[in-house]
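>
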Amino acid sequence: MNDNGRQDVTQVLIHDHREVEEMFAQLEKGDIGDARDVRAVVERVTIELVRHSAAEERHLYPAVRLHVAGGDALADGEIREHAEAEELMKALEHLDPADDAFGDVLARLMTGVRAHIAEEENVLFPKLTAACTREQLLELGDRVTAAKKKAPTHPHPAAPDTPPANAVTAPLLGLVDKARDAFTDRATGQ
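Going by this note's numbering, the first residue of the sequence shown is number 134, and it counts up by one from there.
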């Protein structure tokens with residue numbers, strides 16, 4: 134089936150998952166370089182996870198609530214996991230990579246994110262795929278891709294994570310974060 138180059142929501146999000154896994158593997162190998170290099174990889178992980186989470190909270194989880202039996206409980210659990218990850222990412226922003234605490238927090242983040250990825254790919258995505266049409270999945274993929282471009286690049290644990298409030302705050306925080314990143318020369322990949 135020709136989708137004119139479009140990707141469905143699961144393809145978009147699984148691609149994100151693989152990118153994060155690659156960065157985690159890089160961190161685990163331990164041959165990245167000095168603390169500055171470790172910080173740079175952790176910042177790339179944070180940017181990807183924050184964008185990914187904001188897009189899921191804005192578009193994926195409302196669709197899960199609407200289309201999947203038991204979707205409210207599924208979405209609520211995923212959002213809780215995002216909140217936990219955001220707290221850990223916020224903590225990492227304030228820790229020196231040379232500190233033991235940095236390694237402990239990073240390990241907790243990787244463990245939690247990996248469990249989250251497994252749950253999405255093995256439970257949530259199959260249920261959503263079974264409940265939606267191909268066109269609905271493609272439309273969600275388009276929305277998630279667009280939302281990632283406007284999403285924040287720093288963790289904001291106190292920001293709303295459900296509609297309708299996140300539909301307003303996420304793009305605004307994204308603008309603020311992009312200005313902050315430009316001012317500090319933080320590479321965001323965009």
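All C-beta atoms in this analysis are idealised placements derived from N, C-alpha and C, irrespective of residue type, glycine included.
Bear in mind the structure is a predicted one, so any value in this text is a computation, not a measurement.
Might you give, ordered along the chain, the residues of its own chain that have their beta carbon closer than 6 angstroms to the beta carbon of S186, omitting 5 neighbours on each side?
Residue 186 sits at position 53 when you count from the first residue of the sequence shown. For S186, where only same-chain residues beyond five positions count, the Cβ hits under 6 angstroms are H215.
> Assuming Y194 and A206 are in contact, meaning their beta carbons sit under 8 angstroms apart, how far apart are those beta carbons, in whole angstroms?
Position 61 of the sequence shown, counted from the start, is the residue given in the question as residue 194. Position 73 of the sequence shown, counted from the start, is the residue given in the question as residue 206. Between A206 and Y194 the Cβ distance is about 11 angstroms, and since that is not below 8 angstroms, they are no contact.
> On a Cα-Cα basis, can you pick out the residue from R241, R184, A263 that is closest to K281?
Looking up residue 281 in the sequence shown gives position 148. Considering only alpha carbons, the answer is R184.
> With respect to the alpha helix (DSSP H) encompassing A263, which residues constitute its N-terminal and C-terminal limits?
Along the sequence shown, read from residue 1 onward, the residue named residue 263 stands at position 130. That run of the alpha helix (DSSP H) goes 258-264.
> Return the Cβ separation of D136 and L271 in integer angstroms, given the expectation that the two are a contact with Cβ distance under 8 angstroms.
Indexing the sequence shown from 1 puts residue 136 at position 3. Indexing the sequence shown from 1 puts residue 271 at position 138. Confirmed, Cβ separation roughly 6 angstroms.
> Compute the Euclidean distance between the alpha carbons of G163 and A234, then round it to the nearest angstrom.
Position 30 of the sequence shown, counted from the first residue, corresponds to residue 163. Position 101 of the sequence shown, counted from the first residue, corresponds to residue 234. Going from the Cα of G163 to the Cα of A234 covers about 16 angstroms.
> Return the chain-ordered list of same chain residues with a C-beta closer than 8 angstroms to the C-beta of F397, the five sequence neighbours on each side being excluded.
Here the chain comprises residues numbered 134 to 323, so residue 397 is not present and cannot be evaluated.
> First and last residue of the alpha helix (DSSP H) that includes L271?
Residue 271 sits at position 138 when you count from the first residue of the sequence shown. Here the alpha helix (DSSP H) through L271 covers 267-283.
> Over the uninterrupted alpha helix (DSSP H) stretch that includes L239, give me the two end residues.
Here residue 239 corresponds to residue number 106 of the sequence shown, with the count starting at 1. From DSSP, the alpha helix (DSSP H) with L239 extends over 233-252.
> Tell me the DSSP secondary structure of R198 in three-state form.
Here residue 198 refers to the residue found at position 65 of the sequence shown. Helix, per DSSP.
> Going by DSSP in three states, A170 sits in which element: helix, strand or coil?
To locate residue 170, count along the sequence shown from 1; it is residue 37. In the sequence as presented, Ala is not what sits at residue 170; that position holds Asp. Helix.
> Cutting at 8 angstroms between CB atoms, please list the residues of its own chain near G138, excluding the five before and the five after it.
In the sequence shown, counting from the first residue as 1, residue 138 sits at position 5. Excluding residues within five positions, none has a Cβ falling inside 8 angstroms.
> Under 7 angstroms, do P290 and E220 count as touching if we go by C-beta distance?
On the sequence shown, residue 290 is found 157 positions in, with the first residue counted as 1. On the sequence shown, residue 220 is found 87 positions in, with the first residue counted as 1. Yes.
> For P288, does the count of other Cβ atoms within 10 angstroms reach 16, so buried, or fall short, so exposed?
Within the sequence shown, numbered from 1, the residue matching residue 288 stands at position 155. Buried, since its Cβ has 16 or more Cβ neighbours within 10 Å.
> Compute the Euclidean distance between the alpha carbons of C265 and L228, then round it to the nearest angstrom.
Within the sequence shown, numbered from 1, the residue matching residue 265 stands at position 132. Within the sequence shown, numbered from 1, the residue matching residue 228 stands at position 95. About 43 angstroms.
> Where does G163 fall in DSSP's three states?
Locating residue 163 in the sequence shown gives position 30, where the first residue counts as 1. G163 falls in the coil class under three-state DSSP.
> List the whole-angstrom C-beta distance separating V142 from L273, where the pair is believed to meet the contact cut-off of C-beta under 8 angstroms.
One-based indexing of the sequence shown puts residue 142 at position 9. One-based indexing of the sequence shown puts residue 273 at position 140. Their Cβ separation, rounded to whole angstroms, is 4 angstroms, which keeps V142 and L273 in contact under 8 angstroms.
> Check R139 in the structure and name its three-state DSSP category.
Position 6 of the sequence shown, counted from the start, is the residue given in the question as residue 139. Coil at R139, not helix or strand.
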